[in-house]
Amino acid sequence: MINQVTLVGRLTKEPELKWTTEDRAVLNLTIALNRFGKNKRVDNDADFIQCVIWGKRAEATAEFCSKGQLVGVIGELQSRQYLNKEEQKVYITEVLVHQIRYLSSRGKGENVVNISHEEDECCNTLL
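For the sequence shown, position 25 (counting from the first letter as 1) is numbered 29 according to this note's numbering, and the numbering increases by one without interruption.
In structure tokens form, the structure reads like this:
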């Protein structure tokens, strides 16, 4: 089976790098994508896709990306669930990012963060 996602969109907020109790970097992003109707773009309609990035890739993305920046991501869909404070199940579907391209930058052109799985232990354990 194939589980691959490729998206191009804009970051909806400033990236905020967090660390797990095991001292692993994690970055949650939301990418806004324009929605297209039949043969044309639907004005002011967008989808907001949750993405998660781990390890060195997360650290690099937090350093180089900012709100409104155009990015391209390649990854896979993953679903998870947890209990919230009210003891209700919350289901989340998000993109686990394996590669990110900075398509608009601070005047440096296109940048790519393509860290191998050997260099990124956290991502390696998730695959």
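Built from N, CA and C at the ideal position, the CB exists for glycine as well.
Note that this is a predicted model, so its numbers are computed, not measured.
| message | Suppose the cutoff is 7 Å on Cβ atoms and the five residues either side in sequence are ignored; what does the same chain contact list for Leu100 look like? | response | Here the set comprises Val56, Gly79, Glu80, Gln82, Leu130.
| message | So for Gln22, helix, strand or coil by DSSP? | response | In the sequence as displayed, the identity of residue 22 is Lys instead of Gln. Strand at Lys22.
| field | Assigned exposure category for Arg61 - 16 Cβ within 10 Å defines buried | value | buried
| CA-CA distance, Tyr95 and Asp27? | 25 Å
| request: Could you have a look at Lys60 and say whether DSSP puts it in helix, strand or coil? | output: If DSSP states are grouped into helix, strand and coil, Lys60 belongs with the helices.
| said: Considering Cα atoms alone, identify which of Ile6, Tyr106, Val9 is closest to Gln73. | reply: Here the closest residue by C-alpha is Tyr106.
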